[in-house]
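Q:
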């Protein structure tokens with residue numbers, strides 16, 4: 629009797645252990661039911677996500693999600709919508725997650741949960757090329773400032789060598805007084821003709837130290853002139869327009885930003901006035917028609933449009949106004965986040981994805 633009771637108790641204990649292990653595994657790794665199909669919102673913004681034809685999607689984030697889902701054995705449907713509908717849909721449970729041009733911001737963090745950061749991005753300024761041609765501030769000024777910087781460096785070296793030789797030569801008296809460097813002006817003249825390799829010989833150093841400085845200046849001068857020529861040629865032959873726009877510049881401009889974008893959220897946070905647009909193509913068209921001066925938005929989205937849709941029509945600022953990260957968006961406390969993050973980190977650390985996701989934000993216009 630006692631033996632039967634102990635056997636039954638041992639049996640019940642083993643059953644309890646097996647049940648606990650099964651429950652533990654189920655909570656640690658939530659599996660997708662074979663009948664479950666995830667609803668994935670794709671934010672319509674190339675190059676991250678867009679439809680090339682009905683039912684067929686492409687883009688950096690779309691391709692990355694496909695690989696992650698394949699690893700996890702997940703089935704899914706894509707729906708192409710704008711950022712506002714995507715985030716509200718994820719929050720309300722209409723979609724299981726959203727992918728595409730989704731920047732992690734403080735405002736969005738209160739609505740949804742994000743995966744690990746997928747790719748760095750930033751906000752830049754874009755203007756119409758014909759709107760800035762002929763403007764001194766945006767076209768000629770950067771070129772002149774670059775050339776002026778080189779001239780100042782060269783002049784500093786010339787003045788330094790002239791001063792040193794004059795200090796060494798001015799107290800000495802020689803037979804050929806007309807060739808003696810007696811004044812600072814004589815030293816500057818000697819330095820200029822020496823660096824230009826003309827060498828008139830009307831002013832020359834006579835002291836040993838003066839001649840040593842002269843020899844050194846010849847070698848330094850030749851190098852400086854070569855560098856000056858190369859840099860000047862590079863600057864003057866630049867096929868692009870240099871454009872730098874800061875937040876202080878924006879405060880003086882009539883500029884646009886997409887509604888519910890990372891840029892507009894930043895401007896709202898800092899109480900900066902801007903014109904809001906629902907459609908980026910409409911905003912760019914208004915820039916080209918000079919209805920507004922500039923558009924501020926995601927760097928890679930704007931670069932894609934400038935290269936693929938409006939080639940030769942737009943100038944993108946050389947500087948990034950604000951750095952940020954893009955990520956996948958999930959409903960708060962979604963069980964998908966952890967398992968997706970593991971697969972996501974595996975892929976974004978692969979060399980080919982590193983090259984795609986971490987390519988330079990800014991390129992020459």
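Residue numbers (the numbering used here): 629 to 993.
A virtual CB, placed ideally from N, CA and C, is assigned to each residue, including glycine.
Bear in mind that the values here come from a model prediction, so they are computed numbers and not experimental data.
(1) Could you check whether residue 922 and residue 752 sit closer than 7 Å to each other, using their CB atoms as the reference points?
(2) Using only the alpha-carbon positions, how far apart do residue 979 and residue 848 sit?
(3) Going by Cα to Cα distance, which pick from 885, 858, 681 is closest to residue 774?
(4) Nearest-angstrom Cα distance between residue 798 and residue 782?
(5) State yes or no: is the C-beta of residue 687 within less than 7 Å of the C-beta of residue 676?
(6) Which of the three DSSP states, helix, strand or coil, is assigned to residue 705?
(7) With C-beta atoms as the reference, is residue 749 less than 7 Å away from residue 928?
(8) Pull up the distance between the alpha-carbon of residue 814 and that of residue 902, whole angstroms please.
(9) In angstroms, rounded to a whole number, what distance separates the CA positions of residue 652 and residue 966?
(10) Could you give the distance in angstroms between the alpha-carbon of residue 656 and the alpha-carbon of residue 738?
(11) Could you check if residue 875 is buried or exposed, using at least 16 other CB atoms within 10 Å of its CB as the buried criterion?
(12) Just confirm the distance between the C-beta atoms of residue 689 and residue 665, as a whole number of angstroms; I'd bet it's less than 8 Å.
(13) Taking the alpha-carbon positions, what's the residue 670 to residue 716 distance?
(14) Count the other CB atoms, across all protein chains shown, that sit within 10 Å of the CB of residue 701; report buried if there are 16 or more and exposed otherwise.
(15) Taking the C-alpha atoms as reference points, what is the distance between residue 709 and residue 694?
(16) Excluding sequence positions up to five away, which residues of its chain have a Cβ less than 6 Å from the Cβ of residue 747?
(17) Looking at the secondary structure, which residues open and close the alpha helix (DSSP H) in which residue 875 lies?
(18) Report the residue from 810, 819, 973 whose alpha carbon sits nearest the alpha carbon of residue 784.
(19) Suppose you measure from the CA of residue 856 to the CA of residue 779; what does that come to, to the nearest Å?
(20) Take the Cβ of residue 837 as the centre, count every other Cβ of all protein chains shown within 10 Å, and call the residue buried at 16 or more, exposed below.
(21) Would you identify the three-state DSSP class for residue 846, choosing helix, strand or coil?
(22) Bridge partners of residue 952, per DSSP?
(23) Kindly list the residues whose CB is nearer than 8 Å to the CB of residue 892, restricted to its own chain and excluding five residues on each side of it in sequence; keep chain order.
(24) Measuring alpha carbon to alpha carbon, tell me which of 745, 741, 668, 732 ends up nearest residue 714.
(25) Between residue 584 and residue 725, which are expected to be in contact by the criterion C-beta below 8 Å, what is the C-beta distance as a whole number of angstroms?
(26) By the three-class DSSP mapping on this structure, what secondary structure does residue 905 have?
A: By the coordinates alone:
(1) no
(2) 44 Å
(3) Here the closest residue by C-alpha is 858.
(4) 24 Å
(5) Going by C-beta atoms, residue 687 is nearer than 7 Å to residue 676.
(6) Secondary structure of residue 705 (DSSP, three-state): strand.
(7) yes
(8) 59 Å
(9) Residue placement at residue 652 is poorly supported in this model, since its pLDDT is 38, which falls under 50; the coordinates are not used for a value here.
(10) Bear in mind that the predicted position of residue 656 carries a pLDDT of just 38, short of 50, making it too unreliable to give a figure here.
(11) exposed
(12) No, residue 689 and residue 665 are not in contact; Cβ-Cβ is about 19 Å, not under 8 Å.
(13) Cα to Cα, the separation comes out at about 13 Å.
(14) exposed
(15) 18 Å
(16) 954, 985
(17) 875 to 878
(18) 819
(19) 8 Å
(20) exposed
(21) helix
(22) For residue 952, which the question treats as bridged, DSSP gives the partners 749.
(23) 885, 886, 902, 904
(24) 668
(25) This structure cannot speak to residue 584, because the chain is shown only from 629 to 993.
(26) strand
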